[in-house]
Every structure is written in structure tokens, then in C-alpha cells.
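The block underneath contains the structure these notes are about, expressed in C-alpha cells.
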């Protein structure tokens, strides 16, 4: 499984990438043929943290997004849920 990260107005820190990798690893229990995941982190107006993902798995494409005013880690939690 390959994960590509993009950030808009946020630094893709190693800690954030590691946290996200750990969360997406849980998806392998449900989808064993995930090919790639494109993750985008964004911050809007300094308050709204947005995480978006596009998952390509065995001929299917899934898209999800989540936002949080707390922090990016909360947005990633909501995204994976």
C-alpha cells in the first residue's frame, strides 16, 4: 500500500504522517487489496483542519473527507472512521 501526502498551508510533519499511516493500516482488515491512498491536509482560516483521502482498491475508488476545529489529528481520526 502506497500513501501519498500533500499539504496546503500545513507542514506534513513526520509525526502526522506516522499517525496517519497507523490509522490507515486498520483499513487493511476490511480491504486487503488497497493499491494507493492520496491524502491531503488543509487548513482553512487558521481554525478548520481538513483531511481528505482518495483510496484506490481493486478496481474501486473511495473518497472521504473530514474536518475538525481541534487539530489535524482529530480530522484524521474522523476521516478513517
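Numbering (my numbering), first residue to last: 7 to 87.
Yeah, the Cβ is synthetic: ideal placement off N, Cα and C, and Gly gets one too.
Given the structure is predicted, the values throughout are model-derived calculations rather than measurements.
Classify residue i as helix, strand or coil using the three-state DSSP reduction.
i, result
"residue 25", "helix"
"residue 63", "strand"
"residue 77", "coil"
"residue 53", "coil"
"residue 58", "strand"
Going along the chain, which residues of its own chain have a beta-carbon closer than 6 Å to the beta-carbon of residue i, five neighbours each way excluded?
i, result
"residue 44", "10, 60"
"residue 68", "61"
"residue 16", "47, 49"
"residue 80", "74"
Got a sec? Which residues, its chain only, sit under 8 Å from residue i by beta carbon, not counting five neighbours each side?
i, result
"residue 8", "41, 42, 43"
Among the residues of its own chain, which have a CB less than 7 Å from the CB of residue i, if the five just before and after it don't count?
i, result
"residue 32", "86"
Open item on the list: Would you call the stretch 71-82 in contact with the stretch 41-54, where contact means no fewer than 3 C-beta pairs closer than 8 Å?
Closed with: yes
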